[in-house]
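Q: One structure follows; several queries about it will come next.
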Amino acid sequence: MLTRVAAFLAIAVLSLSGQDRYFDLLHISDTHVASLAGVHPELAAARRLLQDPGEKLVKFVAEAARIPRSRVLHTGDIVDAICFDGEADGPPVYGQIELAKKLLAPLPAPPLLVMGNHDVECYRRSKTKKNTAVGDQSVAAEARKLWGRHFPGLRRGTYFTERIRVGARTYRLIAIDNGEALATGQAFFDEQMRWFERELARQPRDPVIVALHIPVAGDPKSQAIRARLSKAAQVELVLSGHRHTDAMENLELGSRRILQVRTAGMHISSTFWRRVRLYEDRIEIYATGEPERLLETVKLAERSK
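To convert, note that position 39 of the sequence shown is 45 in the working numbering; the numbers rise steadily by one, no gaps.
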């Protein structure tokens, strides 16, 4: 009898061990959190419909904190801007990054944060058109320093690699900072692309997930990213945001394709998050707002094993 009980317990332990061999990325994007206290009334009027004071993110964080073996991946536009012109043309109103930090603090593990275009700009009031906000990305370098000051994961830079262990498999998540326009950020982007190329050349047997804010399309920045992706057979998936809508599309890269997945903006609903489940041999993509509905499975290439 004891032998049979011991055997049953051994089978149960093995079963639980097998169930543990996955890891969930909880993909969110475009929360646009903002506090408009002290902001110039015209800017407040211009941005009120798009930004969120934080209620939706608070609801999501409370749910995410209860999901085991998971980590939040935010693909940008975390805040609506890092600062706004103040009332009566007073000093700019900051504190937006601090607000995001407070809202994300209850998560059991630090979130993986990717910069969006709103995360590296301030909003200025238009001098010629009433109730119109003008983005100012001349503050991008300052913005990146502020993000690094408040989030340890960004202290070494806003493009980075994170390793995720799933059983015997090591994934590498490579975060790209592509939110700044080339008009102000050409040198930053060029240096980043040199780093990206070097990073892709490392550990070529490890599957790679690329996370960035603006989806890879046909613009000059996308063309530079495509050129690197076309040489990197280990890239299995691209995750993005920016457009506030869901999409799944294949990036055509010569003789092969990479699935690009876009997740809708959380400023619309606290339910707009997507489960991306990593296994040793595959990646499962679930529906936004329906974390149990499987949409697509990406089988890892044999060369990755």
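Beta carbons are placed, not taken as given, at the ideal position from N, Cα and C, and that holds for glycine.
What you are looking at is a predicted structure, and each value in this text was computed from that prediction instead of being measured.
What three-state label does DSSP hand V120 in the structure shown?
A: Looking up residue 120 in the sequence shown gives position 114. Residue state, collapsed to three classes: coil.
Q: Pull up the distance between the alpha-carbon of E104 and that of H156, whole angstroms please.
A: Position 98 of the sequence shown, counted from the start, is the residue given in the question as residue 104. Position 150 of the sequence shown, counted from the start, is the residue given in the question as residue 156. Between E104 and H156, the C-alpha separation is close to 7 Å.
Q: If you drop the 5 nearest sequence neighbours on each side, which residues of the same chain put their C-beta closer than 8 Å to that of R75?
A: The residue you call residue 75 lines up with position 69 of the sequence shown. Within the same chain, R75 has close Cβ partners D26, Y28, F29, D30.
Q: Return the residue from the list H250, R54, L218, R77 that minimises the CA-CA distance to A111.
A: Your numbering for residue 111 matches position 105 in the sequence shown. Comparing Cα positions, the closest option is R77.
Q: If you draw a straight line from the alpha carbon of A193 to that of L113, how long is it in whole angstroms?
A: Translated into the one-based positions of the sequence shown, residue 193 becomes position 187. Translated into the one-based positions of the sequence shown, residue 113 becomes position 107. Roughly 35 Å between the two C-alpha positions.
Q: Work out the CA separation of A51 and R283 for me, nearest whole Å.
A: For the purposes of this step, residue 283 is taken as the residue at position 277 of the sequence shown. For the purposes of this step, residue 51 is taken as the residue at position 45 of the sequence shown. Cα to Cα, R283 sits roughly 40 Å from A51.
Q: From P97 to C89, what does the alpha carbon distance come to, in whole angstroms?
A: For the purposes of this step, residue 97 is taken as residue 91 along the sequence shown, with counting starting at 1. For the purposes of this step, residue 89 is taken as residue 83 along the sequence shown, with counting starting at 1. When rounded, the distance between both Cα atoms is 10 Å.
Q: Using DSSP with H/G/I as helix, E/B as strand and the rest coil, what is Q143?
A: Residue mapping note: residue 143 aligns to position 137 of the sequence shown, counting from 1. Note: Q143 maps to helix in three-state DSSP.
Q: Roughly how far, in whole angstroms, is the beta-carbon of L56 from the beta-carbon of D86, given that I think they are within contact range, below 8 Å?
A: Sequence index remark: in the sequence shown, residue 56 carries index 50 (1-based). Sequence index remark: in the sequence shown, residue 86 carries index 80 (1-based). Indeed they touch by this definition, with Cβ atoms about 7 Å apart.
Q: What residues match up with F29 in a beta bridge as DSSP calls it?
A: Mapped onto the sequence shown, residue 29 falls at position 23. Answer is L284, bridged to F29.
Q: Using the three-state DSSP reduction, which class does V67 fall into: helix, strand or coil?
A: As a working mapping, residue 67 is identified with position 61 in the sequence shown. DSSP places V67 in helix when its eight states are reduced to three.
Q: Can you list, in chain order, the residues of its chain with a C-beta nearer than 6 Å to that of P297? Leave out the 5 residues immediately preceding and following it.
A: Taking the sequence shown and counting its residues from 1, the one referred to as residue 297 is at position 291. Contacts found: R281.
Q: Could you tell me if N256 is buried or exposed, where buried requires 16 or more neighbouring beta carbons within 10 angstroms of its beta carbon?
A: Along the sequence shown, read from residue 1 onward, the residue named residue 256 stands at position 250. That one is exposed.
Q: Is K65 closer than 8 Å to S385 when the C-beta atoms are compared?
A: Past the boundaries of the shown model lies residue 385; the chain is included only from 7 to 311, so the question cannot be answered.
Q: With a cut-off of 8 Å, do at least 3 Cβ pairs link the stretch 144 to 156 to the stretch 196 to 205?
A: Counting Cβ pairs under 8 Å, fewer than three are found: no touch.
Q: Count the other C-beta atoms from every protein chain shown that fall within 10 angstroms of the C-beta of D225, then say buried if there are 16 or more, exposed otherwise.
A: Within the sequence shown, the letter at position 219 stands for residue 225. Flag for D225 reads exposed.
Q: Just to confirm my understanding: we take K107, look at its own chain, exclude 5 residues before and 5 after, and list those with CB closer than 6 Å. What are they?
A: One-based indexing of the sequence shown puts residue 107 at position 101. Answer for K107: H156, listed in chain order.
Q: When DSSP labels each residue in this structure, what does A223 get in the three-state scheme?
A: For the purposes of this step, residue 223 is identified with residue 217 of the sequence shown, where counting begins at 1. Coil at A223, not helix or strand.
Q: What does the alpha-carbon distance come out to for the pair P158 and G247?
A: In the sequence shown, residue 158 corresponds to position 152, counting from 1. In the sequence shown, residue 247 corresponds to position 241, counting from 1. Cα to Cα, the separation comes out at about 23 Å.
Q: Enumerate in chain order the residues of its own chain whose CB-to-CB distance from R161 is below 6 Å, with the five nearest sequence positions on each side excluded.
A: Start at 1 with the first residue of the sequence shown, and residue 161 comes out as number 155. Excluding residues within five positions, the ones whose Cβ falls inside 6 Å are G154.
Q: Name the one or two DSSP bridge partners that G92 has.
A: Taking the first residue of the sequence shown as 1, we reach residue 92 at position 86. V45.
Q: Once you ignore the five residues that flank G60 on each side, which residues in its own chain have a CB closer than 6 Å to its CB?
A: Here residue 60 refers to the residue found at position 54 when the sequence shown is read from its first residue. Hits under 6 Å: V39, L109.
Q: By Cβ distance below 7 Å, which residues in the same chain neighbour V241 in space, the five residues on each side in sequence not counted?
A: Mapped onto the sequence shown, residue 241 falls at position 235. Counting only Cβ-Cβ distances below 7 Å, and skipping sequence neighbours, we find V214, V216, L235, I264.
Q: Which residues in the same chain as D183 place their Cβ atom closer than 6 Å to its Cβ, once the five residues preceding and following it in sequence are excluded?
A: Working through the sequence shown from its first residue, we reach residue 183 at position 177. Answer for D183: M121, T164, Y165, listed in chain order.
Q: So M254 is in the alpha helix (DSSP H); what residue range does that whole segment cover?
A: Translated into positions along the sequence shown, residue 254 becomes position 248. First-last for M254: 253 to 259, but that is the beta strand (DSSP E), not the alpha helix (DSSP H).
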